[in-house]
Amino acid sequence: MLDKIGIAKRIAQELQDGWYVNLGIGIPTLIANYVPPEINVEFQSENGILGMGPFPYAGEEDADLINAGKQTITSLPGASIFDSDTSFAMIRGQHIQLTVLGAMEVSDRGDIANWKIPGRMVKGMGGAMDLVASADNIIVAMMHTNKRGQSKLLKQCNLPLTGVRCVKRVVTNLAVLDIGPGGFHLRERAPGVSVEDIQAATEGRLIIEGDIPEIRTA
Amino acid sequence: MLDKIGIAKRIAQELQDGWYVNLGIGIPTLIANYVPPEINVEFQSENGILGMGPFPYAGEEDADLINAGKQTITSLPGASIFDSDTSFAMIRGQHIQLTVLGAMEVSDRGDIANWKIPGRMVKGMGGAMDLVASADNIIVAMMHTNKRGQSKLLKQCNLPLTGVRCVKRVVTNLAVLDIGPGGFHLRERAPGVSVEDIQAATEGRLIIEGDIPEIRTA
Amino acid sequence: MNKVVSGAAEAIRGVESGMTLMLGGFGLCGIPENCIAALVNANVNDLTCISNNAGVDDFGLGLLLQKRQIKKMISSYVGENDEFERQMLSGELEVDLIPQGSLAARCRAGGSGIPAFYTPAGYGTEVAEGKEVRYFNGKPHLLEHALTADFAIVKAWKGDPYGNLVYKGTARNFNPLMAMAGKITIAEVEELVAPGELDPNTIHTPGIFVQRIFQGPQYEKRIEQRTTRQRES
Amino acid sequence: MNKVVSGAAEAIRGVESGMTLMLGGFGLCGIPENCIAALVNANVNDLTCISNNAGVDDFGLGLLLQKRQIKKMISSYVGENDEFERQMLSGELEVDLIPQGSLAARCRAGGSGIPAFYTPAGYGTEVAEGKEVRYFNGKPHLLEHALTADFAIVKAWKGDPYGNLVYKGTARNFNPLMAMAGKITIAEVEELVAPGELDPNTIHTPGIFVQRIFQGPQYEKRIEQRTTRQRES
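Protein chains in written order, with the working numbering: chain A, 308 to 525; chain L, 308 to 525; chain R, 601 to 833; chain F, 601 to 833.
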């Protein structure tokens, strides 16, 4: 089984040299720490910066330099700053090669729900709907089941949707799955996790073809 | 009768302090020379500058600083530079208080034709269609008749239109006319020009009410 | 062109109860602190506020919420605010949630004379309810309409008497877009400089979009999430 | 991120006959001189060129017209060019004339994932033929669609290896909009500087929109209308 860092490390393997990447809040944020050293990627934050660097040293925080999670950040050489409309022009215009975000539910046709739970305080979708409606390459990073042990990989989302037929790949603590014809195609399983474990934790249609290798994150 | 400079001087009287103004090519360009000294106006050129100044001194021309007529210009303190889309955002978004342009024909309901003569080389509308479709306050500066002596103030335009029902006022070598209910409302006549002269040179519906004062440009 | 006013109180003159305001900022970054303080002191309420976020309990738009001056919020994300939650759940406050990119584009459209446009964001979700769906290149899109405001209130780093503005870092965010969309746009700046001091090439908001400008006497610039790293020794 | 290529010849690699190109510039101001020269030397024709203007007879896009490499021009204004006129009147050259503001907005939309929008420009004219008319606030508007290109070719003042660009003066014009709308965007610059030399706050085109960049060996920057005034003595 992978922990959150393991999920982040596995997704970091998807990164390719020269890519522009938008990382959502939560597990996705961790991915920035595991970029393979031989490649260059640039991180976009939808509040208006490309070329985000690490957090500042204590005492060097700049209130005018934050990320979409409102955290103080730094910028790297080659960074650029822009307004919110230009930022979403990058997103809607498909200039970003990879978007990684968390989810509460994903359906086996690629629908995603991650912004609203009826009856609870609704905080809003922020940029999530723009991201999922536009991106070509969306990976969801999440736990395979919720806190009550219920599958988050479903035949159909129960929660209000963020976007439809958009998720391409899901990386969870148990598995790597692609969304394709017929449902979730199991690609890799986490160390110590059996195909049966994954089947049991997946409510949506699961397609298992051939040998399913173990995820390597070393 | 006014000459081109007289027309420019008369239109310059319309300027109000704090206005942003877009001047077309030809007679309208001359207006910049006759801004009343007690007011400040800023001139916008749709290729991307606000705060255009006079032509540069010989030897100081900058190929990277031109107006919409492709003439070398200078910029004044307070000037700003922007891209073509932002420029037309100013125009379409009605942030410009006055647009002055030339015309080949104007109809008595405010239609304007100034971009195309069938059978002749068509150069294009440039920014004219955006300007006339958007501006609240459009003054046409032109000769009352064409080179063959035919009226340019018509019941209906014969040439392909640039815009419909948009011109508010016309200033010619003979008269100042507002476009309102029923047609051209004669407001002022050029020195030495009679109401009858204007009537004879106007093919469109002309409304003459009360005394028509003489244009003063001193 | 001299658009300089004496301060926030003069700048917000004409803001009346029931009006629609746009306020720049992302979280607490780049918000017009001085104008918000002036609005708290002004006798205006039933405001519709278009702002990406709603501040925190005791700063930003949270201050207007505390005094119940806001009738409706149009935002993309409104977490981090208990009073907001209370008013929303009790029905005192209307909330219209809009995808962030659509919000930004709708403000810019409002200032640009583009009454409506199509975007893929929100198709197939609650956001699509009542909206026209249209396919382009085989992909569904929603028709979204422009937003404008009686007053747009923005905050910049530097500005000049012509209203030209330069923003700093990610404090730019929605400010230049909203500046375009106000019937009257108020800019408060950290530093008001003389005409000609700003390089025309580097101006983010041309002065034509701004009607009133002043230098704020001070800026708290509160940080919402202070995150730092350890210095390697 | 290193997007630097050796020069114009390498930059235009992949441009093929029949493709659609966007080329920045207004008149001869801010045109990608070096890439145009490389295209003249390349064996490509039947090009569709989206450019506000079409150059003059012996400079700018006029050079491609002379060699009959252009099948179709999409522009707002195409005066100042005798060869253009000859080819157009003889039917060798297709010309699609578009209001300048609509052209600019359509390029930006193409790069922004906005497939279409409404604008008042052109209503009631030839430009409206075949276009959807829709009323907003009682005023008629036309539906206009986004433009994109196989290659967008732009010219900037300074750039860095990340593709970040800064323009100078009114040489900015259509360049930043077209940079957004190219499947591949080529930027030629007067000065290529090291990463970090450009202030992130003053970048006009973020590097994400640019795939290839090089420093042009020289720029003629021809002036179309040299207008001057007399020095008062």
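Glycine is no exception: its CB is placed at the ideal position from the N, C-alpha and C atoms.
Query, Result
"At the level of alpha carbons, what is the spacing between cysteine 464(L) and lysine 739(F)?", "21 Å"
"Are glutamate 368(A) and isoleucine 446(A) close, meaning C-beta to C-beta below 8 Å?", "no"
"Output the distance between the C-alpha atoms of tyrosine 723(R) and lysine 316(L), rounded to the nearest integer angstrom.", "55 Å"
"Which of helix, strand or coil does DSSP assign to phenylalanine 684(R)?", "helix"
"Going by CA-CA distance only, name the one from Asn374(L), Val483(L), Leu405(L), Gly313(L) that's closest to glycine 433(L).", "Asn374(L)"
"Going by alpha carbons, who is nearest to leucine 623(R) out of Val727(R), Ala781(R), Pro806(R), Lys768(R)?", "Ala781(R)"
"Using a Cβ-Cβ cut-off of less than 8 Å, list which residues of the stretch 739-771 of chain R approach chain L; keep chain order.", "Asp760, Pro761, Tyr762, Asn764"
"Let me check one thing: in DSSP terms, what residues is lysine 755(F) bridge-paired to?", "Glu788(F)"
"Of all Cβ atoms in chain F, is any one closer than 8 Å to the Cβ of serine 458(A)?", "no"
"Among Lys768(R), Gly816(R), Gln830(R), whose alpha-carbon lies nearest the alpha-carbon of serine 382(A)?", "Lys768(R)"
"Report buried or exposed for arginine 831(R), applying the criterion of at least 16 other Cβ atoms within 10 angstroms of its Cβ.", "exposed"
"Between lysine 821(R) and chain A, is there a C-beta pair that is closer than 8 Å?", "yes"
"Quick one: what's serine 414(A) bridged to in DSSP?", "Leu461(A)"
"Compare the C-alpha of arginine 603(F) against each of Leu792(F), Ile823(F), Gln825(F) and name the closest.", "Rather than arginine, the amino acid found at residue 603(F) in this sequence is lysine. Nearest of Leu792(F), Ile823(F), Gln825(F) to lysine 603(F), Cα basis: Leu792(F)."
"Which of the three DSSP states, helix, strand or coil, is assigned to aspartate 392(A)?", "helix"
"Does the distance from the CB of cysteine 629(R) to the CB of alanine 386(A) come in under 8 Å?", "no"
"Does the stretch 470-478 of chain A come close enough to the stretch 720-737 of chain R to have 3 or more Cβ pairs within less than 8 Å?", "yes"
"Counting Cβ pairs closer than 8 Å, one from the stretch 341-359 of chain A and one from the stretch 743-756 of chain R, do we hit at least three?", "no"
"Please state whether the Cβ-Cβ distance between alanine 705(F) and valine 678(F) is less than 8 Å.", "no"
"Only counting the same chain, and skipping five residues up and downstream in sequence, which positions put a Cβ closer than 6 Å to that of alanine 700(R)?", "Note that residue 700(R) corresponds to glutamine in the displayed sequence, not to alanine. Counting only Cβ-Cβ distances below 6 Å, and skipping sequence neighbours, we find Ser676."
"Please report the distance separating the alpha-carbon of lysine 672(F) from that of glycine 662(F).", "13 Å"
"List the residues of chain F that tyrosine 364(A) touches, going by C-beta distances under 7 Å, in chain order.", "Neighbours of tyrosine 364(A) on chain F: none; closest Cβ ~18 Å, over 7 Å."
"Within this structure, are the beta carbons of leucine 466(L) and glycine 511(L) separated by less than 8 Å?", "no"
"Contact check, proline 715(R) vs phenylalanine 736(F) under 8 Å by CB: the rounded distance?", "4 Å"
"For glycine 737(R), go through chain F and note every residue whose CB falls closer than 9 Å to its CB, in chain order.", "This sequence places asparagine at residue 737(R); glycine is not what is there. Per Cβ cutoff of 9 Å: Pro715."
"Measure from the C-beta of leucine 357(L) to each C-beta in chain R and report whether the shortest distance is under 8 Å.", "yes"
"Cα-Cα, which of Gln687(R), Leu639(R), Asn641(R) is closest to aspartate 657(R)?", "Gln687(R)"
"Closest by CA to glutamine 825(F), which one among His451(L), Leu337(L), Lys377(L), Met308(L)?", "Lys377(L)"
"I think isoleucine 519(L) touches leucine 493(L), with their Cβ atoms under 8 Å apart; what is that distance to the nearest whole Å?", "6 Å"
"Mind checking whether glutamate 729(R) and methionine 428(A) have CB atoms under 8 Å apart?", "no"
"For a contact meaning CB atoms closer than 7 Å, what does histidine 402(A) contact in chain F?", "Ile808, Phe809"
"By the three-class DSSP mapping on this structure, what secondary structure does phenylalanine 350(L) have?", "strand"
"State yes or no: is the beta carbon of methionine 411(L) nearer than 8 Å to at least one beta carbon in chain F?", "no"
"Drop a sphere of 10 angstroms on the beta-carbon of aspartate 310(L), count the other beta-carbons inside from all chains shown, and report buried for 16 or more, exposed for fewer.", "exposed"
"Which term fits glutamate 633(R), buried or exposed, when burial requires 16 or more other beta carbons within 10 angstroms of its beta carbon?", "buried"
"Let me know the secondary structure DSSP gives cysteine 473(A) once reduced to three states.", "coil"
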